[in-house]
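Below is one structure, written out as structure tokens; the observations come after it.
Numbering (this note's numbering), first residue to last: 9 to 177.
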């Protein structure tokens, strides 16, 4: 495996774990506001990010690479309005899409087809993540200003169940 690609994947493990921390922080915000459905949504997001990190961790090990775990940064976002975490999550998913794209480009440059195939799942996943984040903002803008609408949206988000990724390594 190309060293640069391996380093980018190793760094992405840390970024995925940071994403989990960020989403747990968002869940904390919503829990404090009494919005357990929103908190549930972001707790599940955090688990998904942990899964993404583990997929990369296993992939590197399966390709005889050493994984170096770095410290995970503390989330630094301050949330005031109910829509603040939603907007921050969308921006963060766009950032992660850029990171995945950079790893993909590095793998393409060295014709690392196995890693390209591995990353194809993440490219698709990021499209879904960005759409979900954008949809939440839209729903909040449409219904969040009304107490009944917010209640219904909170109930909808509370119904989300965790589903482990189906990527085969």
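C-beta atoms are modelled at their ideal positions from N, C-alpha and C, and glycine is treated no differently.
Source: prediction; values computed, not measured.
I'd like the span of the alpha helix (DSSP H) that includes residue i, first residue to last.
i, result
"residue 156", "155 to 166"
"residue 118", "Run containing residue 118: none; DSSP gives neither H nor E here."
Drop a sphere of 10 angstroms on the beta-carbon of residue i, count the other beta-carbons inside from all chains shown, and report buried for 16 or more, exposed for fewer.
i, result
"residue 173", "exposed"
"residue 170", "exposed"
"residue 112", "buried"
"residue 23", "buried"
"residue 51", "buried"
"residue 114", "buried"
For residue i, does the three-state DSSP call read helix, strand or coil?
i, result
"residue 41", "coil"
"residue 83", "coil"
"residue 11", "helix"
"residue 102", "helix"
"residue 90", "coil"
"residue 77", "coil"
"residue 26", "helix"
"residue 72", "coil"
In chain order, what residues of the same chain have a beta carbon less than 6 Å from the beta carbon of residue i, not counting five sequence neighbours either side?
i, result
"residue 138", "101"
"residue 154", "none"
"residue 4", "Given that the chain is displayed from residue 9 to residue 177, the structure contains no residue 4 and the question cannot be resolved."
Suppose the cutoff is 8 Å on Cβ atoms and the five residues either side in sequence are ignored; what does the same chain contact list for residue i look like?
i, result
"residue 160", "151"
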